[in-house]
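Protein chains in written order, with my numbering: chain A, 111 to 338; chain B, 111 to 338.
First comes the structure, then the notes that go with it.
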DNA sequence: GGGCCGTGTTCGGGTTCGGTAAGGAAACGG
DNA sequence: CCGTTTCCTTACCGAACCCGAACACGGCCC
């Protein structure tokens with residue numbers, strides 16, 4: 111089994127200037143992030159709600175909803191996804207207001223794409239908390255993120271890379287229901303329109319390998335979750 | 111009579127230039143933080159270990175231990191106290207290296223003290239973690255949007271997807287009366303003029319499953335609401 | 001008290017959704 | 001270059017669910 115690095119997750123980029131969007135996308139992708147691009151504020155808000163990215167990089171001056179408003183609405187609805195503003199407005203007051211809105215960082219153009227990536231990583235490091243790669247246990251299933259091993263009822267289970275990432279993602283928050291889109295975004299780094307059955311197939315595969323200790327429950331019409 | 115704002119906690123400031131140190135101390139104190147100042151890296155490391163501040167603001171160019179080294183040693187010893195670098199070294203590479211060392215932010219001189227404070231607050235907000243998305247409770251009914259679970263009088267209730275969405279929509283604003291059109295629009299996504307009894311049927315279904323704890327009240331001629 | 005309107009309730013058809021199996025493409029390793 | 005593993009797509013089927021119609025019930029107004 112190959113041990114390729116697990117995906118770092120999906121970053122939502124909302125930026126209307128194609129040149130900048132491409133640049134940021136390139137550097138984020140090069141660093142292992144999946145990137146989903148939206149070009150206006152309203153679509154960005156919808157995407158944030160639908161895909162639940164690990165972080166949002168927002169331009170402030172946007173068609174439709176301004177980035178600041180997008181951030182404010184997310185926070186209002188209890189969404190604390192990390193937000194990094196990326197903007198040409200280089201004014202002390204703007205920066206302070208941006209940060210007080212609940213943003214995690216504020217980067218002004220012209221900017222270094224490498225630094226932006228470093229700042230995204232810094233924020234995510236903080237979100238993840240101290241690296242506590244303790245084995246997670248749910249029911250009769252144990253999952254060790256560090257060794258990338260899984261056992262069911264004490265017996266080792268051989269999962270492929272994707273299968274492991276999927277199970278790890280679900281077990282990170284037991285009880286939490288993930289939609290298929292969220293899983294595609296979080297595990298695969300995609301943001302597909304819809305319609306694919308890929309997640310289902312992999313869930314079935316994991317279930318089969320886990321055998322009786324089938325911790326994954328399906329929530330019809332919504333998605334999947336593991337028992338709490 | 112002044113009311114002391116609750117202390118925001120202690121910030122460790124390691125800075126050898128007195129002018130800057132005083133400035134930062136002033137602004138942090140004005141914002142409700144306690145500040146402990148050290149003038150060289152070794153004393154700073156000792157203070158960090160001893161005082162366990164909520165955050166560290168570190169100059170990089172320091173007598174004794176450089177700030178970068180201070181940060182590195184903290185992280186090596188499993189100390190993930192937030193670190194913000196405050197430095198005259200304004201070079202892309204320096205900033206990236208600083209962030210990769212495990213710092214949370216990197217501010218270059220000359221800087222706005224207000225912005226620095228805003229950044230300290232942003233980092234601490236992130237550390238505190240999101241105010242947990244707690245289940246909504248109305249009467250004897252609890253509803254957890256994340257887990258998509260419902261309990262009535264403590265017992266778990268199995269709702270279908272539509273039933274859950276309907277109840278969640280009503281419980282989002284207890285006391286508020288929703289018309290059938292509003293519910294069709296909000297839960298189903300339709301924009302039908304009127305005429306169907308779909309909402310009624312689902313309300314009945316939810317009521318039946320909730321049993322005695324039937325929080326849904328009908329407002330004759332208007333629509334439905336849950337008790338406040 | 002009698003009609004009337006709005007609501008509660010039951011029930012079956014049609015549709016959607018998810019489990020499953022199989023095949024082809026891509027990646028990996030030798 | 002070839003064999004193997006893994007991944008993604010497609011198609012089919014059974015089951016769960018949604019919806020609408022039809023009927024029963026109970027206030028409300030006169």
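For glycine and all other residues, C-beta sits at the position ideal for the given N, C-alpha and C.
Cβ-based neighbour list, residue i, same chain, cut-off 7 Å, excluding 5 preceding and 5 following
i	result
residue 161 (chain B)	120, 122 and 146
residue 295 (chain B)	301
residue 326 (chain B)	280, 313, 316, 317, 334 and 336
residue 262 (chain B)	250, 251, 320, 321 and 323
residue 170 (chain A)	176, 177, 178, 195, 197 and 199
residue 267 (chain A)	260, 261, 319 and 320
Pairwise C-alpha distance: residue j and residue i
i	j	result
residue 339 (chain A)	residue 157 (chain A)	The structure shown does not extend to residue 339 (chain A), since chain A is modelled only from 111 through 338, so no value can be given for it.
residue 248 (chain B)	residue 328 (chain A)	27 Å
residue 368 (chain B)	residue 148 (chain A)	As displayed, chain B neither begins before 111 nor continues past 338, which places residue 368 (chain B) out of reach and without an answer.
residue 324 (chain B)	residue 270 (chain B)	17 Å
residue 299 (chain B)	residue 280 (chain B)	15 Å
residue 335 (chain A)	residue 258 (chain A)	20 Å
residue 163 (chain A)	residue 330 (chain B)	43 Å
residue 175 (chain A)	residue 191 (chain A)	18 Å
residue 111 (chain B)	residue 118 (chain B)	For residue 111 (chain B), the predicted model reports a pLDDT of 47, less than 50, meaning its position is unreliable and no value from the coordinates is stated.
residue 212 (chain B)	residue 291 (chain A)	31 Å
residue 254 (chain B)	residue 129 (chain A)	42 Å
residue 332 (chain B)	residue 135 (chain B)	60 Å
residue 113 (chain A)	residue 230 (chain B)	The predicted model places residue 113 (chain A) with a pLDDT of 39, which falls under 50 and marks its position as unreliable; any figure quoted below should be read in that light. Going from the Cα of residue 113 (chain A) to the Cα of residue 230 (chain B) covers about 38 Å.
residue 141 (chain B)	residue 227 (chain B)	8 Å
residue 240 (chain A)	residue 188 (chain B)	8 Å
residue 206 (chain B)	residue 306 (chain A)	39 Å
residue 319 (chain B)	residue 256 (chain B)	20 Å
residue 195 (chain A)	residue 133 (chain A)	16 Å
residue 185 (chain B)	residue 260 (chain B)	42 Å
residue 220 (chain A)	residue 293 (chain B)	47 Å
residue 282 (chain B)	residue 244 (chain B)	12 Å
residue 238 (chain B)	residue 154 (chain A)	26 Å
residue 392 (chain A)	residue 165 (chain A)	No answer is possible for residue 392 (chain A): it lies beyond the span of chain A, which begins at 111 and ends at 338.
residue 167 (chain B)	residue 193 (chain B)	6 Å
Min CB distance residue i to chain B below 7 Å
i	result
residue 246 (chain A)	no
residue 331 (chain A)	yes
residue 206 (chain A)	yes
residue 228 (chain A)	yes
residue 209 (chain A)	yes
residue 310 (chain A)	no
residue 113 (chain A)	In this predicted model, residue 113 (chain A) has a pLDDT of only 39, less than 50, meaning its place in the structure is not dependable; the value taken from the coordinates is given anyway. Judged by the 7 Å Cβ criterion, residue 113 (chain A) is not in contact with chain B.
Partners in chain B for residue i, counting only beta-carbon separations shorter than 8 Å
i	result
residue 287 (chain A)	256, 257 and 258
residue 213 (chain A)	232
Test: residue i CB closer than 7 Å to a CB of chain A
i	result
residue 240 (chain B)	yes
residue 236 (chain B)	yes
residue 271 (chain B)	yes
residue 141 (chain B)	no
residue 225 (chain B)	yes
Interface partners of residue i on chain B, CB under 7 Å
i	result
residue 190 (chain A)	240
residue 222 (chain A)	202
Proximal residues to residue i (C-beta, below 8 Å), its chain only, five neighbours per side dropped
i	result
residue 285 (chain B)	335, 336, 337 and 338
residue 151 (chain A)	124, 172, 173, 174, 175, 176, 177, 179 and 180
residue 224 (chain A)	137
residue 289 (chain B)	332 and 333
residue 310 (chain B)	290
residue 139 (chain A)	145
residue 272 (chain B)	297, 298 and 312
Neighbour list for residue i in chain B, Cβ cutoff strictly below 9 Å
i	result
residue 338 (chain A)	257 and 259
Cβ shell of residue i (< 6 Å), same chain only, five flanking positions each side left out
i	result
residue 297 (chain B)	275, 276 and 279
residue 308 (chain B)	none
residue 143 (chain A)	118 and 121
residue 182 (chain A)	211
Exercise. Mind pulling the beta strand (DSSP E) runs of 3 or more residues that sit fully within the stretch 250 to 278 of chain A?
Worked result: With a minimum length of 3 residues, the continuous beta strand (DSSP E) runs that stay inside the stretch 250 to 278 of chain A are 251 to 254, 259 to 262 and 265 to 267.
Exercise. Which whole runs of the alpha helix (DSSP H) in the stretch 166 to 200 of chain A are 4 residues long or more, in chain order?
Worked result: Those alpha helix (DSSP H) runs which fall completely within the stretch 166 to 200 of chain A and span 4+ residues are 177 to 186.
Exercise. Curious, which full-length beta strand (DSSP E) runs of at least 3 residues does the stretch 116 to 161 of chain A contain?
Worked result: Counting only unbroken stretches of 3 or more residues, the beta strand (DSSP E) elements lying wholly within the stretch 116 to 161 of chain A are 120 to 124 and 144 to 148, in sequence order.
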